[in-house]
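Last residue of the sequence shown? That's 356 in my numbering, and every number before it is there in order. Beta carbons: idealized from backbone N, C-alpha and C, even for Gly. Have a look at the structure below before the remarks.
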Amino acid sequence: MKKAFIIPFLVATSALAQPDAPPVNTDAILKELQQIKDTGEASIKNQFARVLQTVNSASSNGSAAMDLYLQANRSVQFSGQSNESVQFQEWKKKEGDKLKSKGFQEALRLYLVYLSLTLQSSMGAKTSDLIAPLVNYATQVNADADFIEDGRDLMNKSLGESVIVRGFGVALKPASNWVMTPGDIDEMYLRIILPALREKQDPSAVEYWNQKIERESEATISSKRNFDQDRFTKNRKPALLWNRAKEFYLIGQKNRGITEMFAVIKACPSHPDCARWIAEFEGLLAKKGS
């Protein structure tokens, strides 16, 4: 029993008795660490540049987008497996209807357009420089909403989870307010586009609410259900009009914003959000008067 305790103690004591290593040149180590860091950053930058070039090329049309999608699926799901080719062909056959869909191909193309913008943001591009192409992207997605329905699952999945990004093996790190879901257009406006437009006092910020009111109104009419139309008229539309009125205030047109906010409150005193609107409105009036 005693030996069992003594031997480890002697080994530990022997190790502690060893002399320290020769002095290190910390300046040389720090210099080499910086070189390693610079080399790594350059490698990552080159990787992103190559991926961006590939994505931009594939986003030119639906056929090119489909080719990249198939390559990514084969690489991620089947590469290295036994009978890789057979399994891949079976998967293509199973997914046949979706893969042939023009709507799905267009969704793929739009997905790659947004991936391109996300890559640029990850590479350090200023968000302000991406606003115009981001607005153009959002406009296309909204305009083609029905057509790209076959690709809705793809568009509603986070970029990092998609087979294409996994196939590239890149770690996307865009701006902190960036939206990672290509199909979440409203979130893109709320987090990225509208704040940038407000900063420039750009009236086109109001147009977002005009288009949103129009789209939701058309969707309600298309449903042909009285309940939906009544709920939109009494609840949803006033809320959108309130946000539209507030947008005028936020882009610097404070008098027009106050006038329109007051009009919404007077027209909808029984709206569930009216008490909150009044409290917010009173705060804006107090701020303007001070």
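Do residue j and residue i have their beta-carbon atoms positioned less than 8 Å apart in this structure?
i, j, result
"Lys-332", "Leu-306", "no"
"Asp-93", "Lys-164", "no"
"Leu-176", "Tyr-135", "no"
"Ser-188", "Leu-238", "yes"
"Ser-224", "Leu-178", "no"
"Val-236", "Gln-113", "yes"
"Ile-197", "Ile-259", "yes"
"Arg-281", "Ala-271", "no"
"Asn-222", "Thr-247", "yes"
"Val-121", "Leu-181", "yes"
"Val-245", "Arg-257", "yes"
"Ile-214", "Gly-169", "yes"
"Ser-283", "Phe-298", "yes"
"Trp-327", "Ala-311", "Checking the sequence, you will find Met at residue 327 rather than Trp. Taking 8 Å as the Cβ cut-off, Met-327 and Ala-311 qualify as a contacting pair."
"Val-90", "Phe-234", "no"
"Leu-200", "Gly-128", "no"
"Asn-309", "Trp-275", "yes"
"Gly-249", "Arg-218", "yes"
"Lys-354", "Lys-303", "no"
If I follow the unbroken alpha helix (DSSP H) through residue i, where does it start and stop?
i, result
"Gln-171", "168-188"
"Ala-241", "Neither: Ala-241 is in no alpha helix (DSSP H) and is coded neither H nor E."
"Gln-277", "270-289"
"Thr-299", "Looking at the DSSP string, Thr-299 is not in any alpha helix (DSSP H), and its letter there is neither H nor E."
"Lys-159", "150-160"
"Glu-326", "320-333"
"Phe-234", "229-234"
"Pro-85", "Here Pro-85 belongs to no alpha helix (DSSP H), and DSSP marks it neither H nor E."
"Ala-131", "128-139"
"Ser-224", "First-last for Ser-224: undefined, no H or E at that position."
"Ala-124", "92-124"
"Ile-197", "193-209"
"Pro-261", "260-265"
"Asp-216", "Note, Asp-216: premise wrong, no alpha helix (DSSP H); not H, not E."
Here's the rule I'm using: 16 or more other beta-carbon atoms within 10 Å means buried, otherwise exposed. How should residue i be labelled?
i, result
"Lys-68", "Only weak support exists for where Lys-68 lies, its pLDDT of 48 falling under 50; the coordinates are left without a value."
"Pro-240", "buried"
"Pro-338", "exposed"
"Val-207", "buried"
"Lys-300", "exposed"
"Ala-345", "exposed"
"Glu-313", "buried"
"Glu-172", "buried"
"Gly-349", "exposed"
"Phe-71", "A caution first: Phe-71 carries a pLDDT of 49, below 50, which makes its placement in the model too unreliable to give a value."
"Ser-228", "buried"
"Val-330", "buried"
"Asn-139", "buried"
"Ala-131", "buried"
"Ile-251", "buried"
"Pro-335", "exposed"
"Gln-186", "buried"
"Thr-286", "buried"
"Phe-293", "exposed"
Could you tell me whether the segment 183-193 touches the segment 140-154, using the rule of 3 or more Cβ pairs below 8 Å?
Because the criterion of three Cβ pairs below 8 Å is not met, the segment 183-193 and the segment 140-154 do not touch.
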